[in-house]
Amino acid sequence: MPELPEVEVVRRGLERWVAHRTVAEVEVLHPRAVRRHLAGADDFTHRLKGHRFGVPSRRGKYLWLPLEDTGQSVLAHLGMSGQLLVQPHDSPDEKHLRIRVRFADMQASAAAAAGGTELRFVDQRTFGGMSLHDTTPDGLPDVIAHIARDPLDPLFDDEAFHQALRRKRTTIKRALLDQSLISGVGNIYADEALWRSRLHYDRPTANLTRPRTAELLGHVRDVMNAALAVGGTSFDSLYVNVNGESGYFDRSLDAYGREGLPCKRCGTPMRRRPWMNRSSYFCPQCQRVPRIAS
DNA sequence: CAAGGCTCCTGATAGC
DNA sequence: TGCTATCAGGAGCCTT
């Protein structure tokens, strides 16, 4: 399940293999993959054709490729199982291939090491997709204006985040997953950062102290940077990086998926609780259930 | 308006 | 063996 580190790994792959290449042809093999492009698959295809990609950017789990001279960007979200693969044009189609982008530089040359490859969006569960949007003056596709900066963004405002937590009547894990407060954190890294911070997922945010918030943000960043250093994490074989190389990192997980296994800090068996149609993993000893607040 | 819950989707796996 | 139920979950959208 791609979260920020995985998406950043993909972005770097795109920067290396796809930036500055001109689109020759786009093929949409599943309409759901372009459902956020409201004008439809044919419109998506026609608008990309003949244009050159710029350098890809990312915010949280979203990434986008500017389309030069159009004022627009191709926005991509991997959802739960999406992959962006750069593949030789003659490699067999993946079972869940949804979108294919062919380039105008297929005659490989010494100057074009990427020649002979195409970009493929592969997605089993079809929660992800691609779409084309106007780029706002700050360089962001207009439809993700509501997505907050992510914790690895130098302009992320720690103090504003703390104040937002204090204002909200919500709980800490909900807040971590709220992409309008902080982006890029998904279920896995939320559980990891909370475990490191010894915070229970249902702890109210309204009375968090500034040092607690600072500690939590520090752990969020540590967990993400550790994953980035290894090239992204996943234990779900669905996740593959931009060149089709698996980005496994599961051995370093301290909380997620460790139900019944001893807490790496105190040895108490870890627990799993159904939570918001998913799961929360935590140590019942280190991460005490909060007292009922107000 | 804020908060919480529903829903989209496919495939692996468990259970009967 | 083969069927059904459950689980994985990001984020837009709907309800309260």
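All you need for the working numbering is the position in the first sequence, starting with 1, plus 1.
All C-beta atoms, glycine included, are put in the ideal place defined by N, C-alpha and C.
Small disclaimer: the values here were computed from a predicted structure and weren't measured.
Please state the DSSP three-state secondary structure of residue i.
{"i": "L133", "result": "strand"}
{"i": "L120", "result": "strand"}
{"i": "R273", "result": "strand"}
{"i": "R204", "result": "coil"}
{"i": "R266", "result": "coil"}
{"i": "V11", "result": "helix"}
{"i": "R199", "result": "coil"}
{"i": "P6", "result": "helix"}
{"i": "R289", "result": "coil"}
{"i": "D237", "result": "Reliability fails at D237, whose pLDDT of 46 lies under 50, so the model's placement of it is uncertain and no value is given."}
Please look up how many angstroms separate the CB atoms of residue i and residue j, rounded, as I've assumed it's under 8 Å.
{"i": "P152", "j": "G185", "result": "7 Å"}
{"i": "L68", "j": "F45", "result": "Not a contact, Cβ separation roughly 11 Å."}
{"i": "I145", "j": "M2", "result": "The pair is not a contact, with the Cβ atoms about 19 Å apart (cut-off 8 Å)."}
{"i": "T214", "j": "L178", "result": "Not quite, the Cβ-Cβ distance comes to about 16 Å (not below 8 Å), so this is no contact."}
{"i": "L1", "j": "R101", "result": "Past the boundaries of the shown model lies residue 1; the chain is included only from 2 to 295, so the question cannot be answered."}
{"i": "R22", "j": "D106", "result": "6 Å"}
{"i": "L85", "j": "V11", "result": "5 Å"}
{"i": "F122", "j": "R150", "result": "Not a contact, Cβ separation roughly 25 Å."}
{"i": "V24", "j": "L49", "result": "5 Å"}
{"i": "A42", "j": "P32", "result": "6 Å"}
Beta carbon of residue i: closer than 6 Å to some heavy atom of the ligand SAM?
{"i": "D135", "result": "The ligand SAM is not among the ligands present in this structure, which contains no ligands whatsoever."}
For the alpha helix (DSSP H) holding residue i, just list the boundary residues, first then last.
{"i": "V19", "result": "Element bounds for V19: n/a, residue is neither H nor E."}
{"i": "R213", "result": "211-231"}
Could you spell out the range, first to last residue, of the beta strand (DSSP E) harbouring residue i?
{"i": "S184", "result": "Run containing S184: none; DSSP gives neither H nor E here."}
{"i": "C26", "result": "Position check: residue 26 holds Glu in this sequence, whereas Cys was assumed. Looking at the DSSP string, the run of the beta strand (DSSP E) that includes E26 is 24-29."}
{"i": "S253", "result": "No beta strand (DSSP E) contains S253, which DSSP labels as neither H nor E."}
{"i": "R259", "result": "No beta strand (DSSP E) contains R259, which DSSP labels as neither H nor E."}
{"i": "R279", "result": "279-283"}
With distance defined between alpha-carbon atoms, name the residue in the options nearest to residue i.
{"i": "A207", "options": "A176, N278, P93, W276", "result": "A176"}
{"i": "R199", "options": "L182, V19, I173, A146", "result": "I173"}
{"i": "S82", "options": "G55, F128, R168", "result": "F128"}
{"i": "K62", "options": "R126, R33, I148", "result": "I148"}
{"i": "P285", "options": "R279, H21, S132, R266", "result": "R266"}
{"i": "L76", "options": "H38, T46, Q88, D94", "result": "H38"}
{"i": "V56", "options": "D44, F45, S74, R48", "result": "S74"}
{"i": "T71", "options": "T171, H134, G130", "result": "H134"}
{"i": "Q125", "options": "L79, P93, Y202, V8", "result": "L79"}
{"i": "V8", "options": "N226, R168, Q88", "result": "N226"}
{"i": "M271", "options": "N278, M277, R279, R289", "result": "R289"}
{"i": "T137", "options": "Q180, D223, L195, W65", "result": "W65"}
{"i": "D298", "options": "D91, L30, D159, S280", "result": "It is not possible to answer for residue 298, since the shown part of the chain is limited to 2 through 295."}
{"i": "L5", "options": "E260, R259, P263, L229", "result": "L229"}
{"i": "D192", "options": "G130, D154, R150, Y257", "result": "Y257"}
{"i": "L19", "options": "V29, R48, G117, R274", "result": "In the sequence as presented, Leu is not what sits at residue 19; that position holds Val. V19 has its Cα closest to that of G117, out of V29, R48, G117, R274."}
{"i": "P291", "options": "R211, R36, T171", "result": "T171"}
{"i": "L195", "options": "S253, V231, C287", "result": "C287"}
{"i": "V224", "options": "P212, L209, L254", "result": "L254"}
{"i": "R60", "options": "M277, E260, F157", "result": "F157"}
{"i": "D139", "options": "M131, S58, I183", "result": "S58"}
If you scan the region 33-117 from start to end, which runs of the beta strand (DSSP E) of 3 or more residues do you find wholly inside it? 58-60, 63-68, 73-78, 83-89, 98-104
Mind pulling the alpha helix (DSSP H) runs of 4 or more residues that sit fully within the region 123-172? 159-168
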